[in-house]
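For the sequence shown, my numbering gives the first residue as 409, with consecutive numbering after it.
Where a beta carbon is used, it is the ideal one built from N, C-alpha and C, also for glycine.
Since we're looking at a predicted model, the values are computed, not measured.
Single-structure report; data block below.
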Amino acid sequence: QIKGGRLRGLREGKTSSFLGIRYAEAERFGAPKSVQPWTGIKNAQVWGPVCPSPEQSNVSSDELVFPHRYFIANEHCQYLNVWTQNLAPAVKKRVMVWMHGGGFTNGASMESYAYDGRSLSEFGDVVVVSVNHRLNILGTLDLSAYGAQHANSRYTGTADLLASLQWVHDNIESFGGDPGNVMIFGQSGGGGKVVRMMHMPAAKGLFHKVSAQSGGNNAYRETDPAASIKAQQTIAAHTLKNLNLTGDQIDKLKAVPYTALIAAGAAALQSAAKE
């Protein structure tokens, strides 16, 4: 039983897993909102959909040592997974929340076999959580030049991560976890996401330990925020132009098929860099 309703997970040996739990809902470019309560029992035995990624036409050079798993993609990708050794709220086990890599453009909570939290949960006797969230143009497009209602559009992917930590705070006791002892950790792009959480006032109190593993985002001290926002707004303007849309047609932008949207954004990255 969690805040929104009841879930059915899977017991394998000592480990209980709950996969594909919806932690938030959101419209394209919109802020995440709490999931509406439900009646009955929701299945939590299979992975939830992952965020769509840019089209890939080549096999990754590291496929031998890092085999990738690809899954059903959907823009509505706010899903997380939980592994635990004890479901009793009173045990208050330590909690570890994994933020996957992929450079803020691709990746997923189930992309690598190593991302399966069962072994870590058993080895460390901890509650493990992994998270999907919006990436690439879905999670970072800056539409702030087109009205106050879009002021935070470049942070939608980050806002998803924040919403997942709020969900952990509100629900993890039901999985035997301690909301007062949460560690966030991530590698590569996930390390950058961890660093980003450290700089979010709204995330204060939602985690207590951090591990940024070979992460990025280390140049933020030298970054001029105003120049960065201007550059991001330029990319958005080029994206709209590539789709034959104007700034007062953001609602139409929300209905553009993802493949056309990501192609327009990729072209905008190239053309905006030349200005």
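Give me whichever residues DSSP pairs with residue i in a beta bridge.
i           : result
residue 414 : 449
residue 642 : Residue 642 is not bridged to any residue.
residue 608 : None, per the DSSP bridge assignment.
residue 514 : Answer is none; residue 514 lacks a bridge partner.
residue 433 : 441
residue 537 : 490, 505
residue 474 : Per DSSP, none; premise fails for residue 474.
residue 464 : Bridge partners of residue 464: none, in fact.
residue 593 : 506, 619
Between the options, which has its C-alpha nearest residue i's C-alpha?
i           : options            : result
residue 477 : 602, 467, 486      : 467
residue 601 : 542, 424, 474      : 542
residue 373 : 644, 612, 652, 604 : This structure cannot settle anything about residue 373, because the visible part of the chain is limited to 409 through 683.
residue 576 : 458, 484, 614, 525 : 614
residue 508 : 610, 598, 656, 562 : 598
residue 439 : 561, 591, 496, 652 : 561
residue 581 : 497, 588, 484, 481 : 497
residue 511 : 484, 623, 448, 681 : 623
residue 513 : 460, 486, 500      : 460
residue 608 : 589, 586, 563      : 563
residue 446 : 434, 472, 515, 409 : 409
residue 413 : 677, 549, 448      : 448
Expressed to the nearest angstrom, what Euclidean distance is found between the alpha-carbon atoms of residue i and residue j?
i           : j           : result
residue 537 : residue 558 : 30 Å
residue 569 : residue 519 : 17 Å
residue 532 : residue 425 : 15 Å
residue 450 : residue 654 : 42 Å
residue 494 : residue 479 : 29 Å
residue 551 : residue 644 : 6 Å
residue 659 : residue 530 : 47 Å
residue 546 : residue 619 : 26 Å
residue 650 : residue 675 : 8 Å
residue 633 : residue 671 : 26 Å
residue 527 : residue 683 : 49 Å
residue 489 : residue 637 : 33 Å
residue 668 : residue 501 : 45 Å
residue 610 : residue 443 : 19 Å
residue 521 : residue 503 : 20 Å
residue 470 : residue 427 : 27 Å
Determine, for residue i, whether the minimum Cβ-Cβ distance to residues of chain C falls below 8 Å.
i           : result
residue 487 : The question asks about chain C, but that chain is absent: this structure has only one protein chain.
Run through DSSP, which three-state label would residue i get?
i           : result
residue 420 : strand
residue 502 : strand
residue 667 : helix
residue 457 : coil
residue 583 : helix
residue 544 : helix
residue 603 : helix
residue 521 : helix
residue 495 : coil
residue 678 : helix
residue 559 : coil
residue 565 : helix
residue 650 : helix
residue 615 : coil
residue 529 : helix
residue 551 : coil
residue 627 : coil
residue 657 : coil
residue 622 : coil
residue 425 : strand
State the CB to CB distance for the pair residue i and residue j, rounded to an integer number of angstroms; the pair is presumed to be in contact (CB under 8 Å).
i           : j           : result
residue 572 : residue 539 : 5 Å
residue 594 : residue 621 : 7 Å
residue 429 : residue 415 : 7 Å
residue 411 : residue 579 : 6 Å
residue 553 : residue 641 : 5 Å
residue 591 : residue 612 : About 15 Å; that fails the 8 Å criterion.
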